[in-house]
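Protein chains in written order, with our numbering: chain A, 51 to 322; chain B, 51 to 322.
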């Protein structure tokens, strides 16, 4: 038994979809979640800036002596995963590899769609991860910049959501994809609208769910399970904890009792 | 003649609509524009964080010895204008007061609509500024969170833009408004879609244009005009200058030849 928590970070609240899935698949683990809401979104920032932010986020989580770090942000996983791995002597799970693996296993026609933020798509990280497993696979990526603000506004169904999904995704099935990766942790609340835009024959891979299954595998194979009866989750945010709480209802399906504000002087002053 | 530049800052690229209007109304002035693209958007952050960011942004501009500071960001004007004024011994023009004054003058029925980011609307800054001038006026505010990412994606017309505008704004004319303030510097590229959603009888006040007119008044009354034949504009951004250049085409109507990246260690290390 290893009672140390699993440390999870994201640029904001999107990573709470990963928390929700970890809770479901590993119900006995204490969790610490850090959302960098003062600097959200990472998805339009440069790779260099994202690596600096990720290093600072991990530095914060280390004070809780975690047994495993989850980079619960596609943008940070695409831009900073190797950098994070080089900084800590702990297992580090990102959200790209698990989703890519599930997509490579699911595709029969070997044509996979990937949707995400501008930076994730521009990074080509999913393409590399999928073709590393299935060299003949073709990966077609689309940035969907309106999806994040839509979800944060609670617009996960209705006319606007359906029209935007149709505009972003309508061109993908004619290109032959049989599998679509939700390559942003903000997207799972839109899953039904996305499925409607794609039609019934396309399989959707939720990177948040696949990441939780990967965390489960690492915990179980490494003998790291805590197995607590009622493990806690501690939430930290660098800004606006009230907004964090409100949005947690969308992503986590529950409102945290408390979210601790990390003061910038506390957080940035000791950055690596 | 005063050859010092006008210093302008914004959380990102939206303030370029103010630059465009200043260029038009004061064509002889050298300008320095600072966009804090590493920390954009300010509109979902807390007042305390925004005041800290604004102080750092002004601190950067001061190295160019400006004769006037323009807070070309509604969110920062709402949350940090008094704070900025207390820090510098220069004229400081925000974007709220000029738009509020134009709206107070324009409204006949004394019912004014204001649209902006979540933080601007929650601050009540326009309501206070308008009722200070017209105490009987009623101000009806609406946050339009999708407008900023829509404009940044270049979606300033088309079905999505029209549907989103109709959903946000369709309820305002029945409430009796005769004037609508575009209370976010990102919104001017959407003006025709917004006008269509409101119908022909509503007057639209563009806070970017009104701010430029206010800057002109301060410059002329203070004897601060430079009156140069071909004054330059220097652009600085804290992240992703390539994206800045690309978006400048939308907001400024021109692509800057060069945008200088301000390195974080350079910028934050010397913060006040």
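C-beta atoms are modelled at their ideal positions from N, C-alpha and C, and glycine is treated no differently.
Everything numeric in this text was worked out from a predicted model, so none of it was measured.
Residues that residue 157/B bridges to, as DSSP identifies them: As DSSP reads the structure, residue 157/B sits in no beta bridge.
Residue 180/B versus residue 240/A: straight-line alpha-carbon distance, rounded: Approximately 39 Å, taken between the alpha carbons.
Residue range of the unbroken alpha helix (DSSP H) whose run includes residue 248/B: Per DSSP, residue 248/B belongs to the alpha helix (DSSP H) from 241-248.
Interface positions of the region 80-101 of chain A facing chain D (Cβ-Cβ less than 7 Å), listed along the chain: Of the chains in the structure shown, none is chain D; the protein chains are A and B.
Within chain A, partners of residue 217/B - CB distance below 7 Å: Against residue 217/B, the close residues of chain A are 210, in the order they occur along the chain (beta-carbon pairs closer than 7 Å).
Neighbour flag for residue 202/A against chain B, beta carbons, 9 Å: True, the Cβ-Cβ gap to chain B drops below 9 Å.
CA-to-CA distance, residue 102/A to residue 146/B, given in whole angstroms: Pairing residue 146/B with residue 102/A, the inter-Cα distance amounts to about 34 Å.
DSSP-derived helix/strand/coil call for residue 27/B: Coverage of chain B is limited to positions 51 through 322, which leaves residue 27/B absent and any answer about it impossible.
Interface flag, residue 290/B vs chain A, CB-CB below 9 Å: Taking Cβ atoms only, chain A reaches closer than 9 Å to residue 290/B, which makes this a yes.
Per-residue burial, residue 123/A [other beta carbons within 10 Å of its own, 16 or more giving buried]: Counting Cβ neighbours within 10 Å, residue 123/A comes out buried, since at least 16 surround it.
Opposing strand residues paired with residue 60/B [DSSP bridges]: 85/B.
For residue 118/B, the first and last residue of its enclosing beta strand (DSSP E): Here the beta strand (DSSP E) through residue 118/B covers 118-121.
Residue burial classification, residue 113/B (beta-carbon count within 10 angstroms, cutoff 16): Of the other Cβ atoms in all chains shown, fewer than 16 fall within 10 Å of the Cβ of residue 113/B; this residue is therefore exposed.
Proximal residues to residue 254/A (C-beta, below 7 Å), its chain only, five neighbours per side dropped: Answer for residue 254/A: 230, 232, 241, 244 and 245, listed in chain order.
Close-in-space but distant-in-sequence residues of the same chain around residue 175/A (CB under 6 Å, 5 per side omitted): The answer, listed in chain order, is 128 and 146.
Contacts of residue 214/B in chain A (Cβ-Cβ under 8 Å): 210, listed in chain order.
Rounded separation between residue 273/A and residue 121/B - CA only: Computed Cα separation, rounded: 55 Å.
Minimum Cβ-Cβ distance from residue 54/B to chain A less than 9 Å: Output row for residue 54/B: interface = no.
Close beta carbons around residue 225/A, own chain, < 6 Å, minus the five adjacent residues each side: The residues 190, in chain order, have a CB closer than 6 Å to that of residue 225/A in the same chain once the five nearest residues on each side in sequence are set aside.
Three CB pairs or more closer than 8 Å across the region 76-91 of chain A and the region 150-166 of chain A: Segments in contact, no.
Validate contact between the region 200-214 of chain A and the region 203-210 of chain B using beta carbons, cut 8 Å, 3 pairs: A contact exists between the region 200-214 of chain A and the region 203-210 of chain B.
Where residue 293/A meets chain B, residues with beta-carbon distance less than 7 Å: Listed by position along chain B, the residues whose Cβ is nearer than 7 Å to that of residue 293/A are 94.
Contacts that residue 195/A makes with chain B (C-beta to C-beta distance below 8 Å): Residues of chain B passing the Cβ test: 199, 202 and 203.
Sequence-distant residues of the same chain with beta carbon closer than 7 Å to residue 90/A, five excluded per side: So the list reads 61 and 62, once near-sequence residues are dropped.
Segment contact flag, the region 287-295 of chain B with the region 92-107 of chain A, C-beta cutoff 8 Å, min 3 pairs: Yes, since at least three Cβ pairs between the region 287-295 of chain B and the region 92-107 of chain A fall closer than 8 Å, the two stretches touch.
contact_flag[the region 257-269 of chain A, the region 71-81 of chain A] where n(CB pairs < 8 Å) is 3 or more: Inter-segment contact for the region 257-269 of chain A and the region 71-81 of chain A is present: three or more beta-carbon pairs are separated by less than 8 Å.
First through last residue of the beta strand (DSSP E) which encompasses residue 253/B: Under the DSSP assignment, residue 253/B falls in the beta strand (DSSP E) whose first and last residues are 253-256.
Start-to-end residues for the beta strand (DSSP E) that takes in residue 191/A: In the DSSP annotation of this structure, the continuous segment of the beta strand (DSSP E) that includes residue 191/A starts and ends at 188-193.
Contact between the region 197-204 of chain B and the region 183-198 of chain A (3+ Cβ pairs under 8 Å): The region 197-204 of chain B is in contact with the region 183-198 of chain A.
Residues that DSSP places opposite residue 143/A in a beta bridge: 120/A.
Close beta carbons around residue 111/A, own chain, < 7 Å, minus the five adjacent residues each side: 57, 59, 82, 84 and 119, listed in sequence order.
Within the region 272-321 of chain B, ranges of the beta strand (DSSP E) (whole runs, at least 3 residues): Taking only runs of at least 3 residues, the beta strand (DSSP E) segments lying wholly in the region 272-321 of chain B are 283-287 and 309-311.
Pairwise C-alpha distance: residue 163/B and residue 184/A: Going by C-alpha positions, residue 184/A is about 55 Å away from residue 163/B.
Segment limits, alpha helix (DSSP H) that includes residue 229/A: Run containing residue 229/A: none in the alpha helix (DSSP H); it sits in the beta strand (DSSP E), 229-232.
Cβ-based neighbour list, residue 177/B, same chain, cut-off 7 Å, excluding 5 preceding and 5 following: Around residue 177/B: 189 and 191.
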